[in-house]
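In our numbering, the protein residues as written are 1 to 120.
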């Protein structure tokens, strides 16, 4: 059961990351999503900019240990996406610029949402 809970936590964590990345697009259909997306985006940005480990990482590790599996040392992104997202030689400064790009992308989405709301 604990391995199932670890997997479910992993899936929730993955969904949260994708929601942080592009959840603003959902606001094109219903602006009320912004009340959930903006705090999620803020939390995602804080964890990336300041190197904070997300509580979902700790929860997944808790379930992995209880299931008898090895917990991982890195954060979620470090474990599952580091090689794919962050190539060798990427500096902390580069990561901050990537985070800033994420925020800028979402600002553009929200400007688009705002324009659509004011035009209708």
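Backbone N, C-alpha and C fix where the C-beta goes; we use that ideal spot for every residue, glycine too.
With respect to the 7 Å criterion, residue 106 and residue 24 are classified as neighbours on the basis of their beta carbons. Distance from the CA of residue 33 to the CA of residue 49, rounded to the nearest whole angstrom, comes to 24 Å.
Using a Cβ distance threshold of 7 Å, residue 62 and residue 40 do not count as a contacting pair. Non-local C-beta neighbours of residue 5 in its own chain, meaning closer than 6 Å and more than five positions away in sequence, comprise 63, ordered along the chain. Counted as a single uninterrupted DSSP element, the alpha helix (DSSP H) harbouring residue 35 occupies residues 34-50.
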